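Novice: Before I ask anything, let me first share the structure, which is written out below as structure tokens.
Chains as they are written, first to last, in our numbering: chain A, 1364 to 1761; chain B, 1364 to 1761.
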């Protein structure tokens, strides 16, 4: 009876802790959640025999209004799951546009993750479940059977911050086996983000792999630094340990990051085979990273030929004393006079920064400064930022 | 009133989805969970005003017996949280030995993750919350203020599997800025694991960074391949998409991985500055990876000078037809005759493989084959495998 002896051994080999694993092996229904159907509807399932209500919330549902002391904001909507046999609740969505989506369950009022979905992404201080609906732009965010670049987490010394800092670097397929020099895109995250944001939620490596394979994007290195000068690295990746992340409001938009940004450029140009010239440097960022990209490209007005502002956090009322934010008009003028290939601005129609960004465009108009303006549906979301990266990347270094 | 206008804007900048983030900003208690105290007790908190019972289970609690159709197994124990003010339940552990631990909550019978802990690790098909208790070996698993190596996720072509395969590679601090050649440790995961396992739960990069900084470990490259030949990459990292992971039982211990292992060695030796000689090659693995290490080092009996078997899955009853498993005694004898520096075997006293590993040791004894045997408390757990790596690494390449 070799079988009888070997099977439990093989099962035990599966892992050392294995509570959930053992549960699913040794009883309980095999639940699939989420299940993406061919018609682009998605079924979510949650086993909760004794629950009174099970709801789901996520960015695939129509937004709702939320009242706060600061006014009304759009937040992701909610939907009720229906109780079925065996205590398994389920909900099937409308057909969804191809994309990557996030969600959470709410069981009797408690927010919880999906125990049947191992694909979770941290966004700022929260962890969400994610899924991809293919057949459109979601395919761009998926790992396909194409040559893959390398993603490295590396540390460099920033003299300006007197700090070892962590950076995520994508090198394109073939980088390691050529003598070629490559252009570089510096890709900056938003407030609360870090050097993991563009890889995790931004799907940078998938987007680049796929667009390079399609011949639409010039093979390039993508550098994703940490834009919070108070941090050495993402939460959990620094000597601060496994602390509860905070929103990183201090020292994020006070000029220090812009001032010390040449540290990361120098590190990259000294350590990678790159074309270290303005026409082969791009900088783009989302929200706070758009703010950073605006100011870095202006403060060093002869450094970047490609600038991308994604839902840029342009805050005209902000009063911060920093040499970086002095003489904004003069340095913008210098940037314009020095010339550049592309100044790309993307904003969603319902973004709370819509007016600020359009006011900034009016300012650029009044200066006679060239730019490309792209307006999309939606607001201040990763859905838009992935689209902006996918739209901008093919325009770089051409 | 600049303040009034800017604050909500800054809050909105934090992220695009932000349900949880908005909740914690706009009301609700600020819960810290887990909270590791100076005396090494840990308090866990969970907000559930309407729950009847909240429990916690994890590997920091004494094990319990679980009855299955295959017999009785040790599983992590459970403890009750007590309901306090504001509907926040809490539990404080006994003082814990310094280590990295995993846990989940059980709310009215439902397993759930900790919404206040962003540090989650996937183990096979489940996601757990983790925390570290410092002041001992947990310090070795923590990011410290020391020089850090680089961790790269890279793809290589395996002719033997006719497949692009993903591999995780740790290069030690200074690798990129020297002309030095380095020794290589091939570090193999267990059943259900993949090329992420040793980095995520094994804390390989932290252990290596810290032991190298202490001068206890020779700077080395650590290669963590994917040992499931049916997979190109970890779940979610291959063209199979975001599928529900299965246990990967087929084609994991059928000889194919061992047969095609030279593909990854060739890739590393052609692409990294390594000392491509037997005395600078080590191979070690946990559970199924221990099985693989045993058979790879024996089947290529003049390739590795250092072999590490961590809770190795030695299954004498297994009947698999593969050239790899023929003539086991003869190839072991050849390995012995060719010589090696270290054959290291680690096993926990309560590991279900204890007898198998000790029977294997008796076999080695009968052959007169030298080995180092280390017996620890505990069973088939990551707690032991991190200790085994920390114990073996200082012995390599000396």
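Cβ coordinates follow ideal geometry from the N, Cα and C atoms, glycine included. In this text, all values refer to a predicted model and were calculated from it rather than measured experimentally.
Distance check for residue 1466 of chain B and residue 1755 of chain A, CA to CA, integer angstroms please.
Specialist: Taking the first chain and counting its residues from 1, one reaches residue 1755 of chain A at position 392. Taking the second chain and counting its residues from 1, one reaches residue 1466 of chain B at position 103. Residue 1755 of chain A and residue 1466 of chain B: Cα-Cα distance of roughly 42 Å.
Novice: Our contact map puts residue 1515 of chain A next to residue 1532 of chain A with C-beta atoms below 8 Å; I'd like the distance itself, whole angstroms only.
Specialist: The residue given as residue 1515 of chain A occupies position 152 in the first chain. The residue given as residue 1532 of chain A occupies position 169 in the first chain. The Cβ separation is near 5 Å, so the contact holds.
Novice: What do you get for residue 1725 of chain B, buried or exposed, if any count of 16 or more other CB atoms within 10 angstroms of its CB means buried?
Specialist: Residue 1725 of chain B sits at position 362 when you count from the first residue of the second chain. Classification for residue 1725 of chain B: exposed.
Novice: Please report how far the alpha carbon of residue 1487 of chain A lies from the alpha carbon of residue 1608 of chain A, in whole angstroms.
Specialist: Residue mapping note: residue 1487 of chain A aligns to position 124 of the first chain, counting from 1. Residue mapping note: residue 1608 of chain A aligns to position 245 of the first chain, counting from 1. The straight-line gap from Cα to Cα measures roughly 7 Å.
Novice: Does any residue of chain A have a CB that is nearer than 8 Å to the CB of residue 1473 of chain B?
Specialist: For this step, residue 1473 of chain B is matched to residue 110 along the second chain. Chain A, which has a Cβ nearer than 8 Å to the Cβ of residue 1473 of chain B, makes this yes.
Novice: What residues from the region 1481 to 1513 of chain A come within 8 Å of chain B, judged by C-beta to C-beta, listed N to C?
Specialist: Those residues of the region 1481 to 1513 of chain A that come within reach of chain B (Cβ to Cβ, closer than 8 Å) are 1481, 1482, 1483, 1485, 1486, 1487, 1488, 1489, 1490, 1491, 1493, 1494, 1495, 1497, 1505, 1506, 1507, 1508, 1510, 1511, 1513.
Novice: Give a yes or no on whether the C-beta atoms belonging to residue 1575 of chain B and residue 1535 of chain B are separated by under 8 Å.
Specialist: Within the second chain, residue 1575 of chain B is the residue found at index 212, counting from 1. Within the second chain, residue 1535 of chain B is the residue found at index 172, counting from 1. For residue 1575 of chain B and residue 1535 of chain B, yes; Cβs fall inside 8 Å.
Novice: Give me the chain B residues within the contact set of residue 1634 of chain A, using Cβ-Cβ distance strictly less than 9 Å, ordered along the chain.
Specialist: The count along the first chain starts at 1 and reaches residue 1634 of chain A at position 271. Within chain B, the residues near residue 1634 of chain A are 1539, 1540.
Novice: The alpha helix (DSSP H) with residue 1632 of chain B in it runs from where to where?
Specialist: Looking up residue 1632 of chain B in the second chain gives position 269. Counting along the chain, the alpha helix (DSSP H) containing residue 1632 of chain B begins and ends at 1619 to 1634.
Novice: Is the distance from the Cβ of residue 1626 of chain A to the Cβ of residue 1591 of chain A below 8 Å?
Specialist: Residue mapping note: residue 1626 of chain A aligns to position 263 of the first chain, counting from 1. Residue mapping note: residue 1591 of chain A aligns to position 228 of the first chain, counting from 1. No, the Cβ-Cβ distance between residue 1626 of chain A and residue 1591 of chain A is not below 8 Å.
Novice: Does the beta-carbon of residue 1410 of chain B have 16 or more other beta-carbons within 10 angstroms, so that it is buried, or is it exposed?
Specialist: Here residue 1410 of chain B refers to the residue found at position 47 when the second chain is read from its first residue. Its Cβ being crowded by 16 or more others within 10 Å, residue 1410 of chain B is buried.
Novice: Helix, strand or coil for residue 1677 of chain A, going by three-state DSSP, please let me know.
Specialist: Here residue 1677 of chain A refers to the residue found at position 314 when the first chain is read from its first residue. Residue state, collapsed to three classes: coil.
Novice: Leaving aside the five residues before and after residue 1459 of chain B along the sequence, list all residues of the same chain whose C-beta is less than 8 Å from its C-beta, in chain order.
Specialist: Walking along the second chain from the start, residue 1459 of chain B turns up at place 96. Cβ neighbours of residue 1459 of chain B beyond the five flanking positions: 1403, 1404, 1405, 1423, 1496.
Novice: What does residue 1618 of chain B reach in chain A if we use C-beta pairs closer than 8 Å?
Specialist: As a first step, residue 1618 of chain B is located in the second chain; it is residue number 255 there, counting from the start. Going along chain A, no residue has its Cβ under 8 Å from residue 1618 of chain B, so there is no contact; the nearest lies around 16 Å.
Novice: Distance cutoff 8 Å, beta carbons only. Does residue 1479 of chain B sit that close to anything in chain A?
Specialist: Translated into the one-based positions of the second chain, residue 1479 of chain B becomes position 116. Closer than 8 Å to some Cβ of chain A, the Cβ of residue 1479 of chain B qualifies, so yes.
Novice: Quick one: Cα of residue 1770 of chain B to Cα of residue 1435 of chain A, how far?
Specialist: Only positions 1364 to 1761 of chain B appear in the structure, and residue 1770 of chain B is not among them; the question remains open.
Novice: Let me know the secondary structure DSSP gives residue 1725 of chain A once reduced to three states.
Specialist: Within the first chain, numbered from 1, the residue matching residue 1725 of chain A stands at position 362. Helix, per DSSP.
Novice: Pick helix, strand or coil for residue 1641 of chain A, following the three-state DSSP scheme.
Specialist: Here residue 1641 of chain A is taken as the residue at index 278 of the first chain, counted from 1. Helix at residue 1641 of chain A.
Novice: Closest by CA to residue 1716 of chain B, which one among B:1578, B:1752, B:1673?
Specialist: Locating residue 1716 of chain B in the second chain gives position 353, where the first residue counts as 1. If we check each option's Cα against that of residue 1716 of chain B, B:1673 comes out closest.
Novice: Based on DSSP bridge pairs, tell me the residues matched to residue 1408 of chain A.
Specialist: As a first step, residue 1408 of chain A must be located in the first chain, where it is residue number 45. Its beta-bridge partners are A:1453.
Novice: According to DSSP, simplified to helix, strand and coil, what is residue 1694 of chain B?
Specialist: Here the question's residue 1694 of chain B lines up with position 331 in the second chain. Reduced to three states, the DSSP call for residue 1694 of chain B is helix.
Novice: With a threshold of 8 Å between beta-carbons, can residue 1535 of chain B be considered close to chain A, or not?
Specialist: Residue 1535 of chain B sits at position 172 when you count from the first residue of the second chain. By this cut-off, residue 1535 of chain B is not an interface position.
Novice: Check this for me: beta carbons of residue 1657 of chain A and residue 1719 of chain A, under 8 Å apart or not?
Specialist: The residue you call residue 1657 of chain A lines up with position 294 of the first chain. The residue you call residue 1719 of chain A lines up with position 356 of the first chain. No, Cβ-Cβ distance for residue 1657 of chain A and residue 1719 of chain A is not below 8 Å.
Novice: For residue 1716 of chain B, which of helix, strand or coil comes out of DSSP?
Specialist: Working through the second chain from its first residue, we reach residue 1716 of chain B at position 353. Three-state DSSP puts residue 1716 of chain B in coil, outside helix and strand.
Novice: Only counting runs of 4 or more residues, tell me where the alpha helix (DSSP H) segments fall wholly within the region 1492 to 1545 of chain A, in order along the chain.
Specialist: Taking only runs of at least 4 residues, the alpha helix (DSSP H) segments lying wholly in the region 1492 to 1545 of chain A are 1500 to 1503.
Novice: Would you kindly work out how many angstroms separate the C-alpha atoms of residue 1622 of chain B and residue 1431 of chain B, rounded to a whole number?
Specialist: Within the second chain, residue 1622 of chain B is the residue found at index 259, counting from 1. Within the second chain, residue 1431 of chain B is the residue found at index 68, counting from 1. Each residue's alpha carbon lies about 35 Å from the other.
Novice: Please classify residue 1600 of chain B as buried or exposed, where buried requires at least 16 neighbouring CB atoms within 10 angstroms.
Specialist: To locate residue 1600 of chain B, count along the second chain from 1; it is residue 237. Its Cβ being crowded by 16 or more others within 10 Å, residue 1600 of chain B is buried.
Novice: By DSSP, does residue 1551 of chain B sit in helix, in strand, or in coil?
Specialist: For the purposes of this step, residue 1551 of chain B is taken as the residue at position 188 of the second chain. Here residue 1551 of chain B sits in strand by DSSP.
Novice: Decide yes or no for the touch test of the region 1658 to 1673 of chain B against the region 1686 to 1694 of chain B: beta carbon pairs closer than 8 Å, at least 3 of them.
Specialist: Verdict: yes, contact present.
Novice: Under 8 Å between C-beta atoms, does residue 1382 of chain A make it to chain B?
Specialist: As a position in the first chain, residue 1382 of chain A is number 19, starting the count at 1. Its pLDDT being 44, under 50, residue 1382 of chain A is placed unreliably by the model, and nothing is read from it.
Novice: Quick check on the DSSP output: the alpha helix (DSSP H) that includes residue 1652 of chain B runs from which residue to which?
Specialist: Along the second chain, read from residue 1 onward, the residue named residue 1652 of chain B stands at position 289. Element bounds for residue 1652 of chain B: 1651 to 1662.
Novice: For a contact defined as C-beta to C-beta under 8 Å, what are the partners of residue 1608 of chain B on chain A?
Specialist: Here residue 1608 of chain B is taken as the residue at index 245 of the second chain, counted from 1. What residue 1608 of chain B touches in chain A: 1481.
Novice: Mapping the DSSP letters down to three states, classify residue 1568 of chain B as helix, strand or coil.
Specialist: Locating residue 1568 of chain B in the second chain gives position 205, where the first residue counts as 1. Correct three-state label for residue 1568 of chain B: helix.
Novice: For the region 1412 to 1440 of chain B, which segments carrying the beta strand (DSSP E) assignment without a break, of at least 3 residues, lie completely within its bounds, in sequence order?
Specialist: Runs found: 1417 to 1421, 1427 to 1431, 1434 to 1438.
Novice: Please list, in chain order, the residues of the region 1513 to 1526 of chain B that have any C-beta partner in chain A closer than 9 Å.
Specialist: Listed by position along the chain: 1513, 1514, 1515, 1516, 1517, 1518.
Novice: Is the CB-CB distance between residue 1569 of chain B and residue 1506 of chain B below 8 Å?
Specialist: Residue 1569 of chain B sits at position 206 when you count from the first residue of the second chain. Residue 1506 of chain B sits at position 143 when you count from the first residue of the second chain. Their beta carbons are under 8 Å apart, which means residue 1569 of chain B touches residue 1506 of chain B by this criterion.
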